[in-house]
Amino acid sequence: MSSVTARAMQVTAPGGPFQLVQRQFAAPGPGQVRIRVRACGVCHSDSLTKEGQWPGLQYPRVPGHEIAGVVDAVGPDLPLFKPGQRVGLGWHGGHCNYCPPCRRGDFMLCENQPISGISFDGGYADYVLAPASALAFLPDGLADTDAGPLLCAGVTTFNSLRNSGARTGDTVAIVGLGGLGHLAVQYAAKGGYRTVAVARGQDKASLAHQLGAHIYIDSTTEDPAAELKKIGGANLIVSTIISARAIEWTLDGLAPGGKLLVLGAPEDGSIQVNPFPLLLGRRTVAGWPSGTGMDSEDALNFSALTGVRPMIETYPLEKAENAYQRMMSGKARFRVVLTIGT
Ligand SMILES: [Zn+2]
Ligand SMILES: [Zn+2]
Numbered sequence: 007m008s009s010v011t012a013r014a015m016q017v018t019a020p021g022g023p024f025q026l027v028q029r030q031f032a033a034p035g036p037g038q039v040r041i042r043v044r045a046c047g048v049c050h051s052d053s054l055t056k057e058g059q060w061p062g063l064q065y066p067r068v069p070g071h072e073i074a075g076v077v078d079a080v081g082p083d084l085p086l087f088k089p090g091q092r093v094g095l096g097w098h099g100g101h102c103n104y105c106p107p108c109r110r111g112d113f114m115l116c117e118n119q120p121i122s123g124i125s126f127d128g129g130y131a132d133y134v135l136a137p138a139s140a141l142a143f144l145p146d147g148l149a150d151t152d153a154g155p156l157l158c159a160g161v162t163t164f165n166s167l168r169n170s171g172a173r174t175g176d177t178v179a180i181v182g183l184g185g186l187g188h189l190a191v192q193y194a195a196k197g198g199y200r201t202v203a204v205a206r207g208q209d210k211a212s213l214a215h216q217l218g219a220h221i222y223i224d225s226t227t228e229d230p231a232a233e234l235k236k237i238g239g240a241n242l243i244v245s246t247i248i249s250a251r252a253i254e255w256t257l258d259g260l261a262p263g264g265k266l267l268v269l270g271a272p273e274d275g276s277i278q279v280n281p282f283p284l285l286l287g288r289r290t291v292a293g294w295p296s297g298t299g300m301d302s303e304d305a306l307n308f309s310a311l312t313g314v315r316p317m318i319e320t321y322p323l324e325k326a327e328n329a330y331q332r333m334m335s336g337k338a339r340f341r342v343v344l345t346i347g348t
């Protein structure tokens, strides 16, 4: 095993442009697998690296945490991995094994969790040196370009739904039909829930139904809470939007015992919560991060089995700047993916 020289798209300073460079990728050390990257999703969280919004981030840094590729070389004492295996790496970049959540086996909540593309160089490159403990195996029949977004938006929606406590047949409302929402609707419908999509405008109705939603509510002409109440209230409302103001109605749309699950990070301040629906109806407000490599593998296998796929736009690695700007514009339908190697 030796180092290889290949391309990386790095950021050298907060807010600076992407820079295409040739770099050395070392032979994998203890606990590491070197991945030949085939595709990497471009996620809104990459702006933390690009714009320097993560405390302590060190430059130069290569962003990217939606990585699909092939094992190229394996560090010592990792019998599970062999060159040629298709693997993926998401946001969760391993765990420390000694913090209290790790000691309880809850690796997703590791207090010293490295993050791909933030703590170490990510997938906007030909190769990634990845922590073996964070990898997922990719199922046959799932394209690398589809696997990328499923390793972030996919596992977040899939894993939060399956751990939400909602039971088969329950009413689950997804608010927002963007990068997270278009996957959440598919997972909810394929997961056996009565699936309601809530978005702005009648033009989204056909897409919502195409993704599997049983009911569509246009929040520009209808009162979503009143509409949900008419059908008994939602057992679970999953918010994927980034406006705190725009989800304040949700508690009124919940059935008794229902839960509001917040997956979108509000950009306009804190969510105001009226305590009475919580107290009187035993309702809850909760959040969810994403998942471990094994959770990602479950999400990928479920997607391969049931046909859940992201809607994507692809760009070659050299066009990372265009891809990033397209993602940041909010106009992409719905996830942007870099194609890197074959
Ligand atoms: Zn992401
Ligand atoms: Zn830990």
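227 is the number that our numbering gives to position 221 of the sequence shown; each next residue is one higher, with no gaps. The beta carbon of each residue, even a glycine, is placed where N, CA and C say it ideally should be. Remember, it's a predicted structure, so these values are computed and weren't measured experimentally.
Going by Cα to Cα distance, which pick from 97, 303, 295 and 99 is closest to residue 146?
Here residue 146 is taken as the residue at index 140 of the sequence shown, counted from 1. Of 97, 303, 295 and 99, the residue nearest in Cα terms is 303.
Could you tell me whether any non-hydrogen atom of ligand 1 is closer than 7 angstroms to the CB of residue 72?
Residue numbering aside, residue 72 sits at position 66 when the sequence shown is read from its first letter. Flag set: Cβ of residue 72 near ligand 1.
At least 3 beta-carbon pairs within less than 8 angstroms: the region 320-330 vs the region 157-166
no
Classify residue 309 as buried or exposed, calling it buried when 16 or more other Cβ atoms lie within 10 Å of its own Cβ.
Here the question's residue 309 lines up with position 303 in the sequence shown. It is buried - the Cβ of residue 309 has at least 16 other Cβ atoms within 10 Å.
How big is the Cα-Cα spacing for residue 101 and residue 125?
As a first step, residue 101 is located in the sequence shown; it is residue number 95 there, counting from the start. As a first step, residue 125 is located in the sequence shown; it is residue number 119 there, counting from the start. Spanning the two alpha carbons is a distance of roughly 12 angstroms.
Is the closest heavy atom of ligand 2 to the C-beta of residue 222 under 7 angstroms?
Looking up residue 222 in the sequence shown gives position 216. No, the beta carbon of residue 222 sits no closer than 7 angstroms to any heavy atom of ligand 2.
Is the beta carbon of residue 102 within less than 7 angstroms of some heavy atom of ligand 1?
For this step, residue 102 is matched to residue 96 along the sequence shown. Not one heavy atom of ligand 1 is found less than 7 angstroms from the C-beta of residue 102.
Residue burial classification, residue 88 (beta-carbon count within 10 angstroms, cutoff 16)
Here the question's residue 88 lines up with position 82 in the sequence shown. So residue 88 counts as exposed.
Cβ-heavy atom distance, residue 49 to ligand 1, below 7 angstroms
Residue mapping note: residue 49 aligns to position 43 of the sequence shown, counting from 1. Yes, the beta carbon of residue 49 sits closer than 7 angstroms to at least one heavy atom of ligand 1.
Please list the terminal residues of the continuous alpha helix (DSSP H) segment that includes residue 165.
On the sequence shown, position 159 is the one that residue 165 refers to. Unbroken alpha helix (DSSP H) run through residue 165: 161-168.
Of the residues 19, 184 and 85, the one placed nearest residue 62, counting alpha carbons only:
Mapped onto the sequence shown, residue 62 falls at position 56. Nearest of 19, 184 and 85 to residue 62, Cα basis: 19.
Beta-carbon proximity list for residue 148, same chain, < 8 angstroms, skipping 5 on both sides
Start at 1 with the first residue of the sequence shown, and residue 148 comes out as number 142. So the qualifying residues of the chain are 156, 306, 309 and 310.
Assign residue 72 to buried or exposed, taking buried as 16 or more other Cβ atoms, counted over all protein chains shown, within 10 Å of its Cβ.
By 1-based counting over the sequence shown, the position of residue 72 is 66. Its Cβ being crowded by 16 or more others within 10 Å, residue 72 is buried.
Can the beta-carbon of residue 231 be found less than 8 angstroms from the beta-carbon of residue 132?
As a working note, residue 231 is residue 225 in the sequence shown. As a working note, residue 132 is residue 126 in the sequence shown. In this structure, residue 132 does not lie closer than 8 angstroms to residue 231 by Cβ.
Just how far apart, CA to CA, sit residue 264 and residue 199?
The residue given as residue 264 occupies position 258 in the sequence shown. The residue given as residue 199 occupies position 193 in the sequence shown. Straight-line Cα distance between these residues: approximately 14 angstroms.
Alpha helix (DSSP H) containing residue 333: first to last residue?
Locating residue 333 in the sequence shown gives position 327, where the first residue counts as 1. Counting along the chain, the alpha helix (DSSP H) containing residue 333 begins and ends at 326-334.
Take residue 295 and list the residues in its own chain whose beta-carbon comes closer than 7 angstroms to its own, dropping the five residues that flank it on each side.
Translated into the one-based positions of the sequence shown, residue 295 becomes position 289. Counting only Cβ-Cβ distances below 7 angstroms, and skipping sequence neighbours, we find 114.
Straight-line Cα distance separating residue 108 from residue 118
Taking the first residue of the sequence shown as 1, we reach residue 118 at position 112. Taking the first residue of the sequence shown as 1, we reach residue 108 at position 102. The alpha-carbon atoms of residue 118 and residue 108 are separated by roughly 9 angstroms.
Using only alpha-carbon positions, find the residue among 186, 286, 154 and 254 that is nearest to residue 274.
As a position in the sequence shown, residue 274 is number 268, starting the count at 1. Closest by alpha carbon: 254.
Mind the definition here: the region 15-30 touches the region 75-90 only if three or more C-beta pairs lie below 8 angstroms; say whether that holds.
no
Where residue 187 sits in the DSSP three-state scheme
Residue numbering aside, residue 187 sits at position 181 when the sequence shown is read from its first letter. Residue 187 falls in the helix class under three-state DSSP.
Give the single residue among 42, 112 and 130 whose Cα lies nearest to the Cα of residue 104.
By 1-based counting over the sequence shown, the position of residue 104 is 98. Comparing Cα-Cα distances from residue 104 to each of 42, 112 and 130, the minimum goes to 112.
Taking its Cβ as the centre, do 16 or more other Cβ atoms sit within 10 Å of residue 330, making it buried, or is it exposed?
Within the sequence shown, numbered from 1, the residue matching residue 330 stands at position 324. It counts as buried.
Beta strand (DSSP E) containing residue 135: first to last residue?
In the sequence shown, counting from the first residue as 1, residue 135 sits at position 129. Element bounds for residue 135: 133-137.
Rounding to the nearest angstrom, what Cα-Cα distance links residue 344 and residue 259 in this structure?
Translated into positions along the sequence shown, residue 344 becomes position 338. Translated into positions along the sequence shown, residue 259 becomes position 253. Each residue's Cα considered, the two are about 39 angstroms apart.
Tell me whether residue 321 sits in a helix, a strand or coil according to DSSP, three-state version.
The residue given as residue 321 occupies position 315 in the sequence shown. Note: residue 321 maps to strand in three-state DSSP.
Hey, residue 171 and residue 180: beta-carbon distance below 8 angstroms or not?
Numbered from its first residue, the sequence shown carries residue 171 at position 165. Numbered from its first residue, the sequence shown carries residue 180 at position 174. No.
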